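Colleague: Just so you know, my numbering puts 226 at position 226 of the sequence shown, and the rest follows in order with no gaps.
Beta carbons: idealized from backbone N, C-alpha and C, even for Gly.
Since we're looking at a predicted model, the values are computed, not measured.
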Amino acid sequence: MLFDTHAHLDDDRFDKDRDEVVNQCKLDGVELILNAGSNMETSVKAIALAKKYELIYAAVGVHPHDAAEMDEETAGVLAALAENKKVRAIGEIGLDYHYDFSPRDVQKKRFIEQVDLARQLGLPVIIHDREAHGDVIDIFKKIRIKEVGGVLHSFSGSAEMALECIKLGLYISISGPVTFNNARKTVEAVKQVPMEMLLIETDSPYLTPVPYRGKRNYPGYVRFVAEKIAEIKGLSYEEVARQTLENGKRLFGI
Ligand code: NI
């Protein structure tokens, strides 16, 4: 009954054993997986996975790292890809000022463009925000994100920012780092976000939670995120799993 709302099973680290990994997910109680695209190639791969495996849904979009590779035709190609009925979001899109792989003005332009696309298509957005909290919030307000809806994936901001995002109608998705020793800020955010607005994810193959930190991540490990949230919120693991599944289904129309 778990919903891993953000994974990259298209990653080549799964090339050798993808079938087994998906099977293991089912054995571990994962009911749904949203596989996010990060550029044109991985967006196409995400759709192929969604076609092959019943429990996988897809998002298509261009990550800020690859924003510089977008041109005037990209949005049209994404729109065509989104016609597939298992595509349930535009993402992951956003701003990444940690790596700055694309110039910031280009990141902003392509981010806004893809939110506009989501608005036209009636799909929510999956937002990547790394060390760009101020600009992300500014853009949210400018583009009336509330009308589009979406989720801040692998949330790394403060409790204050989380509450501001919720006011804008966005969900907050928690990933493996909440299990790390230095997660005080994320723990505080989890405490303050109402259960109805929380999602869980792995961001596989990255961000592996404790106790498997350092190994390849996979959607079955989303249970460690759910367990940690249960501990923080004083709820049962089952309640967190059930509520986050319901939230994810509501957001992605599943
Ligand atoms: Ni990701």
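1. Starting from the N-terminal end, write out each residue whose C-beta falls within a distance shorter than 6 Å of any non-hydrogen atom of ligand 1.
2. With distances taken Cα to Cα, identify the nearest neighbour of R250 among Y237, K233 and L170.
3. Since I believe A75 is in contact with L117 (beta carbons under 8 Å), could you give me their beta-carbon distance rounded to a whole number of angstroms?
4. Return yes when the Cβ of K85 is within less than 8 Å of the Cβ of L55, no when it is not.
5. Enumerate in chain order the residues of its own chain whose CB-to-CB distance from T179 is below 6 Å, with the five nearest sequence positions on each side excluded.
6. Going by DSSP, what residue range makes up the alpha helix (DSSP H) through I139?
7. State the start and end residues of the unbroken beta strand (DSSP E) segment that holds G91.
8. What do you reckon, are the CB atoms on V148 and V115 nearer than 8 Å?
9. Quick test of your reading: I143 and L168, contact by CB under 8 Å. State the CB separation rounded to the nearest angstrom.
10. Cα-Cα, which of H153, I166, K233 and T202 is closest to E188?
11. Compute the Euclidean distance between the alpha carbons of I166 and D138, then round it to the nearest angstrom.
12. Put L251 into one of helix, strand or coil per three-state DSSP.
13. Rounded C-beta distance between A80 and L123? I'm assuming under 8 Å.
14. In chain order, what residues of the same chain have a beta carbon less than 6 Å from the beta carbon of T42, not counting five sequence neighbours either side?
15. Measure how close the beta-carbons of H98 and E131 come, nearest whole angstrom, since I'm counting them as under 8 Å.
16. Can you check which of these residues, G220, F111, G157 and L199, is closest to E20 by C-alpha distance?
17. Hey, could you find the ends of the beta strand (DSSP E) L198 is sitting in?
18. Helix, strand or coil, according to DSSP, for Y221 in the structure here?
19. Looking at N23: is its Cβ nearer than 8 Å to the Cβ of A58?
20. Buried or exposed for S173, please, with buried defined as at least 16 other CB atoms from any protein chain shown within 10 angstroms of its CB.
21. Since E31 and L2 are thought to touch, with beta carbons under 8 Å apart, how far apart are those beta carbons, to the nearest angstrom?
22. Are H133 and E92 closer than 8 Å when you measure CB to CB?
23. On the DSSP letters alone, give me the boundaries of the beta strand (DSSP E) that S43 sits inside.
Modeller: Let me lay it out:
1. Matched residues: H6, H8, A36, E92 and D203.
2. Checked all of Y237, K233 and L170; the closest Cα to R250 is L170.
3. Under the criterion of beta carbons closer than 8 Å, L117 and A75 qualify as touching, at roughly 5 Å.
4. No.
5. So the list reads P209, V210, F224 and K228, once near-sequence residues are dropped.
6. If you look at I139, you'll find it in the alpha helix (DSSP H) that goes H133 to K142.
7. Per DSSP, the unbroken beta strand (DSSP E) holding G91 starts and ends at V87 to D96.
8. Yes, these two residues count as a Cβ contact at 8 Å.
9. Wrong, their Cβ atoms sit about 10 Å apart, outside the cutoff.
10. A check of alpha carbon separations from E188 across H153, I166, K233 and T202 identifies K233 as the nearest.
11. Cα to Cα, I166 sits roughly 15 Å from D138.
12. Note: L251 maps to helix in three-state DSSP.
13. About 14 Å; that fails the 8 Å criterion.
14. Excluding positions up to five away in sequence, the list reads D10.
15. That belief holds up - the Cβ atoms of H98 and E131 are roughly 5 Å apart, short of 8 Å.
16. Scanning G220, F111, G157 and L199 for the CA closest to the CA of E20 turns up G220.
17. Counting along the chain, L198 sits inside the beta strand (DSSP E) bounded by residues L198 to I200.
18. Secondary structure at Y221: helix, using DSSP grouped into helix, strand and coil.
19. Contact: no.
20. A buried status is given to S173, since no fewer than 16 other beta-carbon atoms sit within 10 Å of its beta-carbon.
21. At roughly 6 Å, the Cβ-Cβ gap stays under 8 Å, so E31 and L2 are in contact.
22. In this structure, E92 does not lie closer than 8 Å to H133 by Cβ.
23. From DSSP, S43 is part of no beta strand (DSSP E) but of the alpha helix (DSSP H) over M40 to K52.
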